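Read through the structure below, which is laid out as structure tokens, and then see the notes.
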Amino acid sequence: GESVGLHLPTLSVQEGDNSIINCAYSNSASDYFIWYKQESGKGPQFIIDIRSNMDKRQGQRVTVLLNKTVKHLSLQIAATQPGDSAVYFCAENVGNQGGKLIFGQGTELSVKP
Amino acid sequence: GAGVSQSPSNKVTEKGKDVELRCDPISGHTALYWYRQSLGQGLEFLIYFQGNSAPDKSGLPSDRFSAERTGGSVSTLTIQRTQQEDSAVYLCASSRAGGSLHTFGSGTRLTVV
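Chains A and B supply the protein sequences, listed in that same order. Residues 47 to 159 in the numbering used here are what the first sequence spells out, letter by letter. Residues 3 to 115 in the numbering used here are what the second sequence spells out, letter by letter.
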């Protein structure tokens, strides 16, 4: 289940199940969104991105959904594997503010074998 | 280089000392970014370079923090008179001109004792 507080929200799933990680973004002017995966001791690694003129984009085992009406982004991981265990961050870019990204708090995904 | 390289990977310093963190971006990436990540937190934007100039320094937390970039390549983040609250992982990223898809380095873990 999920827990929110001083610690990162955590999602625990069984290997082989699908995972859904949610993110509320902050700026209605944001026009580009990225999901990153961060393993312990490493920098964030790109997973998938989506522009604001789309509402869905699929990659290999991953799908990103964008709902601009409620400023919500989700990452779906199909057939979750132990190697998917990591912290996942959503990030947004506001087009008229240069290339910097605004990151969400992150969700820790734990996959049980 | 093939990826974003940061050095040192770990730095322990005494309170009040100055530290320099180095970032070598991907060859050809004109944009370079510095972020800070405290334990269990998301990434906090510090500064962004386009070429050698810094159009956005809005995230630098105090005047003890400064950064420079020379030759459109290597960047150095300097923290003067370090404080314990400066302890964090400092991440550098680079992107192509006009884009905000960041490729991150592995970070420098700074510990101020």
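Ideal placement from N, C-alpha and C gives every residue a C-beta, glycine not left out. Here the structure is a predicted model, which means the values were calculated and not measured.
Using DSSP bridges, identify the partner residues of residue i.
i: Y50 (chain B); result: B:Y35 and B:D58
i: N68 (chain A); result: A:S120
i: D26 (chain B); result: B:S7
i: L79 (chain B); result: B:L23 and B:A69
i: Q91 (chain A); result: A:K83
i: V91 (chain B); result: B:Q39 and B:R111
i: S97 (chain B); result: B:A33
i: N113 (chain A); result: A:H118
i: L45 (chain B); result: B:Q39
i: S76 (chain A); result: A:V140
What in chain A is Cβ-close to residue i, meaning under 9 angstroms?
i: T50 (chain B); result: Reading off the sequence shown, one finds Tyr at residue 50 (chain B), where the question assumed Thr. Under the 9 angstroms cutoff, chain A gives G144, G145 and K146.
i: G109 (chain B); result: G87, K88 and G89
i: L93 (chain B); result: G89 and P90
i: S1 (chain B); result: Residue 1 (chain B) lies beyond the stretch modelled for chain B, which goes from 3 to 115, so this question has no answer here.
i: S97 (chain B); result: G145
Helix, strand or coil for residue i? Go by DSSP, reduced to three states.
i: N12 (chain B); result: strand
i: E138 (chain A); result: strand
i: E85 (chain A); result: coil
i: Q60 (chain A); result: strand
i: D130 (chain A); result: helix
i: Q104 (chain A); result: strand
i: K158 (chain A); result: strand
i: G51 (chain A); result: Legend: pLDDT at G51 (chain A) = 35, less than 50; position of this residue unreliable, value from coordinates given subsequently. It is coil, neither helix nor strand.
So residue i contacts chain A; which residues on that side make the cut at Cβ distance below 8 angstroms?
i: G2 (chain B); result: Since the displayed chain B opens at 3 and closes at 115, residue 2 (chain B) lies outside it and no answer follows.
Residues of chain A with a CB under 7 angstroms from the CB of residue i: which are they?
i: L23 (chain B); result: Within chain A, no residue comes near L23 (chain B); the closest Cβ sits about 13 angstroms away, beyond 7 angstroms.
At 8 angstroms on the CB atoms, spell out the chain B contacts of residue i, in chain order.
i: F135 (chain A); result: G44 and L45
i: N73 (chain A); result: Per Cβ cutoff of 8 angstroms: no residues; N73 (chain A) is ~13 angstroms from chain B at best.
i: Q151 (chain A); result: Q43 and G44
i: N139 (chain A); result: S102
Could you work out which residues of chain B lie near residue i, taking near to mean beta carbons separated by less than 7 angstroms?
i: Y78 (chain A); result: S102
i: L54 (chain A); result: G42
Interface residues of chain B around residue i at Cβ under 9 angstroms?
i: N113 (chain A); result: Those within 9 angstroms of N113 (chain A) in chain B number zero; the least Cβ separation is about 21 angstroms.
Is there a Cβ of chain E sitting closer than 8 angstroms to that of residue i, yes or no?
i: T78 (chain B); result: Judged by its chain identifiers, the structure shown contains no chain E, and its protein chains are A and B.
Do three or more CB pairs link the segment 143-155 of chain A to the segment 80-94 of chain B at distances below 8 angstroms? Taking one beta carbon from each stretch, the segment 143-155 of chain A and the segment 80-94 of chain B have fewer than 3 pairs nearer than 8 angstroms; the two do not touch.
Under 9 angstroms, CB to CB, which of the residues in the segment 28-46 of chain B have a partner in chain A? Only A33, Y35, Y37, Q39, G42, Q43, G44, L45 and E46 from the segment 28-46 of chain B bring a Cβ to less than 9 angstroms from some Cβ of chain A.
Members of the segment 81-102 of chain A that neighbour chain B once the beta carbon cut-off is set at 9 angstroms: So the close ones are Y82, Q84, G87, K88, G89, P90, Q91, F92 and D95.
Against chain A, which members of the segment 58-73 of chain B pass a CB distance test of less than 9 angstroms? Listed by position along the chain: D58, S60 and G61.
Taking a Cβ distance cut-off of 9 angstroms, strictly less, list which residues of the segment 72-90 of chain B are near chain A, in chain order. From the segment 72-90 of chain B, no residue has a Cβ closer than 9 angstroms to chain A.
Three Cβ pairs or more, each shorter than 8 angstroms: is that satisfied between the segment 43-53 of chain B and the segment 61-80 of chain B? Yes: at least three Cβ pairs fall under 8 angstroms.
Hey, is the segment 59-77 of chain A in contact with the segment 91-111 of chain B, meaning 3+ C-beta pairs nearer than 8 angstroms? Not touching, per the Cβ criterion.
Is the segment 25-43 of chain B touching the segment 76-83 of chain A in the sense that three or more CB pairs, one from each, lie closer than 8 angstroms? Too few Cβ pairs lie closer than 8 angstroms, so no.
Sufficient close CB pairs (3 or more, under 8 angstroms) joining the segment 148-159 of chain A to the segment 66-73 of chain B: Contact between the segment 148-159 of chain A and the segment 66-73 of chain B is absent, with fewer than three C-beta pairs closer than 8 angstroms.
Would you check if there are 3 or more beta carbon pairs closer than 8 angstroms linking the segment 111-125 of chain A to the segment 18-37 of chain B? No, the segment 111-125 of chain A is not in contact with the segment 18-37 of chain B.
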